[in-house]
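Heads up: the sequence shown begins at 148 in our numbering, then just goes up one per residue. Note that CB positions come from ideal geometry on N, CA and C, so glycine has one too. Below: one structure, written as structure tokens.
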Amino acid sequence: MDETTRTVERALAKASREGEAPGALLAAFYQLDSLVLSWQSPQPRPNRNLGKLIGRALGQLRAGYEKFLDAMCAPDMNEAQRFEAEGNAEIRLGERHLAQIEELIWADEVSKDSDPLQVANSAGRAIRDRLGNPATIEELELELRRIEGASSVSGGSGIEYQMMRIMALTQFDFDRFTGIRDRVADVLGKSSAFLELGKGEAWRRQHARAQANLSGSLGAANLVVNSEDSGELDIVNSAVQCVATLRDGVLRHAVATVVALEPGEYDSFVSKSGGHSLKAADRRFPEIPISEGLESSFRNAGGHGGVDDLNGDEVTIQGKTFSSEQFTDVYLAYLETVLSVWSGLNLALDRFGGEFRMLDYISPRDVKTAITAGVGILGVECASIEMRGDWLSLKVQSSEHDWLRVAAFISGIELVEAESLLVEFLDGGDVRHFTASLSVFREADYGAAAMSDEENALLVAGALAGCALDGVSLWHRQDWSAVLSKLTSRDGVEDYKAWIARLKAFRRLAIEVGDDNAAASCLSAIRSFRMA
């Protein structure tokens with residue numbers, strides 16, 4: 148493309164300067180027109196968005212160069228300057244389209260891993276960097292929700308929307324994805340049946356099951372796009388089975404929710420095949436192209452034995468043969484449809500706000516995704532995550548982090564039920580371990596507003612006493628001394644029973660971390676009071 152545009156610009160410059168015969172110009176524009184034409188047909192997914200941007204950019208550049216031709220043929224200087232200005236404006240628009248390719252490159256770099264948890268972690272780190280490293284997670288969430296038009300304070304939804312945006316940029320037709328998503332959200336925003344459904348336990352559980360099915364299917368999508376062996380039979384079969392899961396486990400629920408005019412109609416739709424609700428959607432909302440891209444052979448294959456044949460670069464499904472490129476395109480079009488409807492549904496939920504809290508129905512896989520994305524927001528590169536009993540364990544690649552902040556952040560994620568945190572990381576070749584009591588961090592966070600300064604100081608001390616690096620407390624002696632000074636002071640004390648209880652609790656913490664001086668000072672203060 149660069150060589151073609153340079154050829155046209157050189158021909159235009161030479162013709163303007165020397166008044167050369169039109170032969171060179173005609174040849175240059177013929178070359179440009181051929182290039183423009185080659186990019187006008189939709190490119191197969193996952194290159195659909197790149198193709199669109201290049202096609203739009205070339206079209207704008209072609210229009211701009213044509214204005215320069217008009218300028219050379221203009222009857223007077225004023226007309227020539229007008230055409231030249233219009234040409235420059237067209238070229239600037241073309242250059243803007245080309246600049247948008249940078250976002251595609253960024254998104255592709257973020258999502259190139261075949262492991263969804265690694266994609267979530269990479270996305271968290273990249274999103275924070277891209278938005279200028281906001282001072283707090285709350286600021287980041289507000290900005291991300293503002294970008295997607297979500298108005299509730301549903302924690303974590305902004306990051307989720309951005310991760311979906313990355314997937315739409317790298318694998319789908321972004322315009323179609325956002326078009327369906329926004330129309331679905333608008334339809335549901337006006338639906339009284341949707342408001343009623345969301346309050347019901349049965350619908351919530353079905354929505355949670357659909358979310359779990361969807362999460363499990365995204366790994367297959369990453370394999371198809373990112374695996375070097377994407378044409379292997381096991382991966383192809385996995386993709387076809389994924390379509391069956393999406394059809395019965397996600398799309399049927401989502402579309403039934405969109406088209407239901409009252410809760411009873413939703414129940415009727417989900418008790419039948421997904422085709423009934425899709426036909427209803429086509430009738431009631433023809434402006435939402437849900438059925439487009441739902442290739443029938445894919446739709447039926449999962450329930451009828453999967454792939455018929457795999458021969459080199461060709462896949463035969465239900466008697467229809469696809470090249471590997473067509474297979475990937477059709478598969479991603481199906482996934483695009485499902486996720487666009489699903490995202491529209493969740494965007495509508497988010498706009499309704501606190502009426503639709505789904506935290507009680509989230510799968511363990513989604514909890515892990517939330518954690519890896521969240522610590523990614525803090526800049527932590529997470530290699531693996533494990534939840535076992537009351538412990539949450541992370542293995543990370545980097546060492547230079549504020550581990551207290553990481554523990555405090557994880558403790559604030561409502562999805563996390565673990566009581567303790569273990570982080571394993573490398574520091575100059577040495578394996579080190581950070582441990583923290585998440586339950587004490589939660590107490591410190593949720594109880595702070597209703598407590599006195601002394602009670603808050605004790606809670607903070609408890610949280611920090613529960614943190615250690617290689618078994619050694621992270622709190623310095625002066626930190627303990629500062630809290631000790633506050634707790635031993637009797638100024639303004641009215642409830643001495645509570646004052647003694649706080650000192651005893653602080654003494655226990657001091658003993659736990661091996662600060663004998665602080666422990667002795669607590670005991671001394673209590674004895675002095677009793678002797679007074």
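Asn225 sits exposed, since fewer than 16 C-beta atoms from the chains shown fall within 10 Å of its C-beta. By the Cβ-count criterion, Tyr643 is exposed, with fewer than 16 other Cβ atoms from all chains shown falling within 10 Å of its own Cβ. Remark: C-beta atoms of Gln265 and Leu200 do not approach each other more closely than 8 Å. Going by beta carbons, Ala359 and Leu492 fall outside the 8 Å limit. Setting aside the 5 residues that flank it on each side, Glu472 is surrounded in the same chain by Pro191, each with a C-beta closer than 7 Å to its C-beta; the list follows chain order. Inside the segment 425-510, DSSP marks whole alpha helix (DSSP H) runs of 4 or more residues at positions 443-448, 471-499, from first to last along the chain. Boundaries of the beta strand (DSSP E) harbouring Trp538: 538-543, taken from the DSSP string.
Take the alpha-carbon of Ala666 and the one of Arg655: they are about 7 Å apart.
Here Lys346 is exposed: its Cβ has fewer than 16 other Cβ atoms, across all protein chains shown, within 10 Å.
Here the segment 567-574 makes contact with the segment 539-548; the two share three or more CB pairs at distances below 8 Å. The count of Cβ pairs closer than 8 Å, one atom from the segment 427-447 and one from the segment 155-162, stays below three, leaving the stretches out of contact. Beta-bridge partners assigned by DSSP to Arg535: Trp538. Between Ala495 and the set Ile560, Val334, Leu585, Gly559, the nearest pair of CA atoms involves Val334. Under the DSSP assignment, Val334 falls in the alpha helix (DSSP H) whose first and last residues are 321-336.
Annotated three-state conformation of Val578 is strand, per DSSP. Two segments are said to touch when three or more pairs of C-beta atoms, one from each, lie closer than 8 Å; by this definition the segment 551-560 touches the segment 517-524. Just measuring C-alpha positions, the residue of Arg209, Asp460, Asp600, Lys542 sitting nearest Asp149 is Arg209. Ser364 and Asp460 have their C-alpha atoms spaced approximately 24 Å apart. With respect to the 8 Å criterion, Val587 and Gly618 are not classified as neighbours on the basis of their beta carbons. A distance below 8 Å separates the beta carbons of Ala204 and Leu245.
Pairing Ile313 with Val488 gives a Cβ-Cβ distance that is not under 8 Å.
Leu616 sits close to Arg579, with the two beta carbons spaced by under 8 Å. It is roughly 20 Å from the alpha-carbon of Ser385 to the alpha-carbon of Ser258. For Met148, there is no enclosing alpha helix (DSSP H), as DSSP gives it neither H nor E. The beta carbon of Glu590 lies closer than 7 Å to those of Leu606 in the same chain, with the five residues before and after it left out. The straight-line gap separating the alpha-carbon atoms of Asp260 and Ala428 is approximately 35 Å. Looking at the DSSP output, Cys529 shares a beta bridge with Val543. In this structure, Pro222 sits away from Leu479, with a CB-CB distance that is not shorter than 8 Å. For Phe572, the pairing in a beta bridge is given by DSSP as Val543, Arg579. Counting only residues of its own chain and dropping the five nearest sequence neighbours on each side, Asp600 has a CB closer than 8 Å to the CB of Lys633. For Gly526 and Gly271, the gap between their C-alpha atoms comes out near 8 Å. Looking at Arg430, Leu398, Ser531, the one whose alpha-carbon comes closest to that of Val417 is Leu398. Excluding five sequence positions before and after Val630, the CB atoms of its chain that fall closer than 8 Å to its own CB belong to Ala604, Leu605, Val607, Ala608, Phe653, given in chain order. Between Glu434 and Arg330, the gap from beta carbon to beta carbon is short of 8 Å. The beta carbon of Ile673 lies closer than 7 Å to those of Ile647, Leu650 in the same chain, with the five residues before and after it left out.
Short of 6 Å from the beta carbon of Glu288, and not among the five residues preceding or following it, lie these beta carbons of its own chain, in chain order: Gly305.
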